[in-house]
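FYI, the numbering for the sequence shown is 713 to 1266, going by this note's numbering.
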Amino acid sequence: MSHLGRRFAAIVAASAAAMTGLLCLVSASAPVGAPARPVHSYLNQETAVDLSTVESAPEYRTDEPRGPGFLGSEAAVLGRSLARINKALGTSLKPDNRLARLARWVYERLGPGGAMPPQSAFDLVTHRVGLAEPLPHLLMMQAPDAPRLANVVSSRLARVFDLTGYTHIGGVAEIQAHGVVVVIALSRRHIQMEPVPRSLSAPGRIKLEGRLIGAYTKPELARTLPGGETRIEALGKGPEFSATVELAQVGRHRLEIVAQGKDGPDVIANFPVFVGVPVDEAIGETAAAVPRSAVRPDEAQQRLFELINRERSKAGLDALTLDPELGKVALGHSEDMRANDFVAHVSPTTGSVEQRLLRAGIVTDLAAENVGKGYSPDEIHMGFMDSPGHRAAILLPDATHIGIGIALKKENDRASYLVTELFIRRIPQIGPDAKVIFLMELNALREPGGAPALEEDPVLTRLAEEAAGEYLNDQALSQADVLQRLAQRMGRSDLKLQTAIAVFAVVGSLEEGAKQAASDPRGEKARRVGIGIAQGARPGLIPNSIVLVLIFAD
């Protein structure tokens, strides 16, 4: 185990809801004409999304349903293009009618210049058709005419995407006055799972059962409850997994399956289940008002910082401090992702997030990382918050500092943002009144359980202080050595104690130490306490670690 400690956490955004599924690219071979139908506003005044043309699936499925994978007047050409791509690239993309219907819905709502609907609306439609995997990626293009359509589609798909990472495809192609307009949806489906209902009429249980596909292991379930709490639990070593999930609260539950891949943790599935409430078919006013105009990277960084602290404030958590040193590490990773064309935690050049922090000399016992790609800071943040794993990083209770790195990437006539968010805990310097604060906190925690209030004993405190300082000053001493020496000193003293218990802990805050001490049953009946507090560093400890030695006595 590294000296980052047991609480090191890495939370991924690659190929996940945090990575926007919308990619609007237009072929330069011809200007984009008006859609075959009149352009619709995809939001009405109530921010409801028009889903009337999309059949609602009762459950999430990972097998392909019946129905064509391509729609529209030129669907057959798309089918021939797929066969050509699979043969030329050695891929095995499978058509999926749900992706085709999703592409049809997007096509009918293309805005001026081929602008896509907002990601929040796209999220609703993706789940309405019963797709459990992370948001598909979209490509919109135009060919001058039908005879050249197959060449345009094949070349554009292969040029824009590394198609070896995708498993399923669907699309629509329609002839218009200025050529043929195409919308393609590509999906990464690395899971086989038994069907999961999209809604329950009342609180109950659902079964998650299936297997990971490919080189994925160690599946975990991350879920956000209706009240905003996030829980993460292991699903075994993989690739098979099976779990019964209790959905005890009325409302929207967001479920996510994360697994370890060659590039680190990866989101394999992400979908909501509605319990005792109607299935969402509207987006909130905040989502509807997401600004999509381009901003500078420093402006995007500030916007994400504000959004993150706003979420923490709503959850009753302390605001994070923007950390320039951590920001350099985050920016380096975002620039690395741009240069090497990937979105993941594990870099081919710098390794894992843990390695990057250690290389920068940043030592901490608590760290988490979000990475993602999108077209506005607000959409990226909403994607993170819709992913239970990423949400858990943003709302990490003990995190104190954040670094945000953003690299801008030009994509034809628009720019995307490659984002890295790093969350860590830094331990602040304690003040001269640390013992007073600690004792007040400890007594407050003991009171509800009926334990007597503790009074500080100066003689015991002197012994405890000597032991705490000894641990920091002598690297050869273990915790057991310190406690043994303390016991010897207490035995040689003229203290007349019927019962005395010594407790040793290394913590990151006085509050954390008080909680540990209050939960130790050995000190429940004590009425006196000696408090030894020392702060500093030694190999294996993060900077400013707090060494706490307590002596409980009757």
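Glycine included, each C-beta is placed from N, C-alpha and C at the ideal position. A quick note: this is a predicted structure, and the numbers were derived from the prediction, not measured.
Per-residue burial, residue i [other beta carbons within 10 Å of its own, 16 or more giving buried]
i: A1188; result: exposed
i: K1233; result: Residue 1233 is actually Pro in this sequence, not Lys. Answer is exposed; the Cβ neighbour count stays below 16.
i: D1048; result: buried
i: A1192; result: exposed
i: N1082; result: buried
i: D1098; result: buried
i: N982; result: buried
i: P1060; result: exposed
i: S899; result: buried
i: D1169; result: buried
i: E845; result: buried
i: A1079; result: buried
i: A1238; result: buried
i: D835; result: buried
i: K1085; result: buried
i: L734; result: For L734, the pLDDT reaches just 38, beneath the cut-off of 50, and the residue's location in the model is therefore unreliable, although a value from the coordinates is still provided. Result: buried.
i: P951; result: buried
i: A1165; result: exposed
i: P1100; result: buried
i: A800; result: exposed
i: P1089; result: buried
Sequence-distant residues of the same chain with beta carbon closer than 7 Å to residue i, five excluded per side
i: Q804; result: The displayed chain sequence assigns Ser, not Gln, to residue 804. So the list reads N798, once near-sequence residues are dropped.
i: H1093; result: L1016, L1019
i: E1023; result: M1097, I1106, L1107
i: G963; result: P938, V987, V989
i: L1157; result: A1226, K1227, A1230
i: A955; result: L920, L933, L947
Close Cβ partners of residue i (< 6 Å) along its chain, the five nearest in sequence each way excluded
i: E1167; result: R1240
i: F953; result: P931, L947
i: I896; result: L851, G883
i: I1139; result: G1220, N1256
i: A769; result: V841, G842
i: T1211; result: D1266
i: V751; result: Because V751 sits at a pLDDT of 30, beneath the cut-off of 50, its placement in the model cannot be relied upon, and the following sentence gives the value as read from the coordinates. Counting only Cβ-Cβ distances below 6 Å, and skipping sequence neighbours, we find nothing.
i: L912; result: V987
i: L1043; result: G1117
i: D1110; result: L1078, R1137
i: P1009; result: I1118, L1120
i: R1050; result: A1119, K1121, L1130
i: R917; result: T956, E958
i: S753; result: For S753, the predicted model reports a pLDDT of 32, less than 50, meaning its position is unreliable; a value from the coordinates is still stated below. Closer than 6 Å at the Cβ level, and outside the excluded window around S753, lies no residue.
Residue closest to residue i, alpha-carbon to alpha-carbon, out of the options
i: D762; options: Y772, L1019, V837; result: V837
i: S832; options: R943, E1091, R935; result: E1091
i: S764; options: E786, G781, L814, E776; result: L814
i: T942; options: A955, L959, G926; result: L959
i: A1246; options: A1180, V1194, G916, Q1228; result: A1180
i: L1120; options: Q1013, Q854, I1142; result: Q1013
i: E921; options: M905, L933, R910, T936; result: M905
i: Y772; options: G1244, F873, L933, K919; result: K919
i: L1134; options: G1143, A1104, P1144, E1123; result: A1104
i: K949; options: K1040, R935, R923; result: R923
i: E1177; options: G1162, R1201, E1159; result: R1201
Chain E contact for residue i (CB, 8 Å cutoff)
i: A844; result: The structure shown contains no chain E, having only a single protein chain.
Proximal residues to residue i (C-beta, below 8 Å), its chain only, five neighbours per side dropped
i: S1205; result: V1171, L1175
i: A1249; result: L1184, P1255, N1256, S1257
i: N809; result: E776, P777, R778, G779, P780, G781, G882
i: P903; result: Per the sequence shown, residue 903 should be read as Ile rather than Pro. The residues are T774, A844, E845, G922, R923, L924, I925, I969, I980, A981.
The ligand COA heavy atom lying under 7 Å from the CB of residue i
i: A1127; result: No copy of the ligand COA occurs in the structure displayed, which carries no ligand at all.
Is it true that the segment 1254 to 1265 meets the segment 1214 to 1223, where meeting means three or more beta-carbon pairs spaced less than 8 Å apart? yes
Is it a yes or a no for the segment 878 to 890 touching the segment 779 to 796, going by three-plus beta-carbon pairs under 8 Å? yes
Quick check: the segment 1222 to 1233 against the segment 1137 to 1154, are at least 3 beta-carbon pairs closer than 8 Å? yes
When the Cβ atoms of the segment 1065 to 1085 are set against those of the segment 1025 to 1034, are three or more pairs found closer than 8 Å? no
Which ranges would you report for the alpha helix (DSSP H) in the segment 1089 to 1139 if only whole runs of at least 4 residues count? 1089 to 1097, 1100 to 1106
I'd like the ranges of any beta strand (DSSP E) spanning at least 3 consecutive residues and lying wholly in the segment 838 to 862. 849 to 855
At a cut of 8 Å, does the segment 915 to 933 reach the segment 961 to 980 through at least three beta carbon pairs? yes
So within the segment 1028 to 1076, which uninterrupted beta strand (DSSP E) runs reach at least 3 residues, ignoring any that extend past its ends? none
For the segment 771 to 791 against the segment 858 to 876, do three or more pairs of beta-carbon atoms, one drawn from each stretch, fall closer than 8 Å, so that the two count as touching? yes
Mind listing, in chain order, the continuous beta strand (DSSP E) runs of no fewer than 3 residues lying wholly within the segment 1236 to 1265? 1240 to 1248, 1257 to 1265
Where are the alpha helix (DSSP H) runs, 4 residues long or more, that stay fully inside the segment 762 to 825, in chain order? 787 to 801, 809 to 819
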